[in-house]
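*Asks:*
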Amino acid sequence: MRVSVLALAMGLAAVGPLGAAEYGDAAEGELLAKTWCANCHVVEAEPSQADSLQAPTFKALAAQPDMSVERLTIIFANPPHPAMDGISPSRQQIADIAAYLETLKD
């Protein structure tokens, strides 16, 4: 028993605490969305129609059942986002945007 507890403690110490990137800041995510995303997406809960017919609203993105930090990481890293050239958000910034999207769910 003593060895198991020691092994568990050593394993947790090696892994370290959960990174802050796993927990987003919705207020920071809203600011990032307004800065980076609002040219194409409606980032507020209302209005529900984006200026660009090709870009879904953030409310529509939030409604997608598979929307997550991992999904946003893929979206930022891969096409189809040519209008996002030069934007390379950190994992924390992606988590912040994901946290903001979470606030837009119905």
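Residue numbers for the sequence shown follow the working numbering, beginning at 755 and rising by one. The C-beta atom is built at its ideal place from N, Cα and C for all residues, glycine as well.
(1) What are the start and end residues of each continuous alpha helix (DSSP H) run of 4 or more residues lying completely inside the region 822-854, in chain order?
(2) May I have the straight-line CA-CA distance separating Met838 from Ile829, to the nearest angstrom?
(3) Ends of the alpha helix (DSSP H) at Gly783?
(4) Between the alpha carbons of Ser822 and Glu798, how many angstroms are there, rounded?
(5) State yes or no: is the C-beta of Leu858 within less than 7 Å of the C-beta of Lys813?
(6) Considering only residues of the same chain and omitting the five flanking positions on each side of Ala780, which have a CB-CB separation below 6 Å?
(7) How about Ile851 and Ala787: are their beta carbons less than 7 Å apart?
(8) Compute the distance between the beta-carbons of Ile848 and Thr827, then report whether it is under 7 Å.
*Replies:* So, from the listed chains and residues:
(1) 823-831
(2) One-based indexing of the sequence shown puts residue 838 at position 84. One-based indexing of the sequence shown puts residue 829 at position 75. Roughly 10 Å separates the two Cα atoms.
(3) The count along the sequence shown starts at 1 and reaches residue 783 at position 29. First-last of the alpha helix (DSSP H) with Gly783: 780-786.
(4) Here residue 822 refers to the residue found at position 68 when the sequence shown is read from its first residue. Here residue 798 refers to the residue found at position 44 when the sequence shown is read from its first residue. Roughly 18 Å separates the two Cα atoms.
(5) Stepping through the sequence shown from its first residue, residue 858 is reached at position 104. Stepping through the sequence shown from its first residue, residue 813 is reached at position 59. Against a cut-off of 7 Å, the Cβ pair of Lys813 and Leu858 comes out as a contact.
(6) Indexing the sequence shown from 1 puts residue 780 at position 26. For Ala780, where only same-chain residues beyond five positions count, the Cβ hits under 6 Å are Ala853, Tyr854, Thr857.
(7) Residue mapping note: residue 851 aligns to position 97 of the sequence shown, counting from 1. Residue mapping note: residue 787 aligns to position 33 of the sequence shown, counting from 1. Taking 7 Å as the Cβ cut-off, Ile851 and Ala787 qualify as a contacting pair.
(8) By one-based count along the sequence shown, residue 848 stands at place 94. By one-based count along the sequence shown, residue 827 stands at place 73. Their beta carbons are under 7 Å apart, which means Ile848 touches Thr827 by this criterion.
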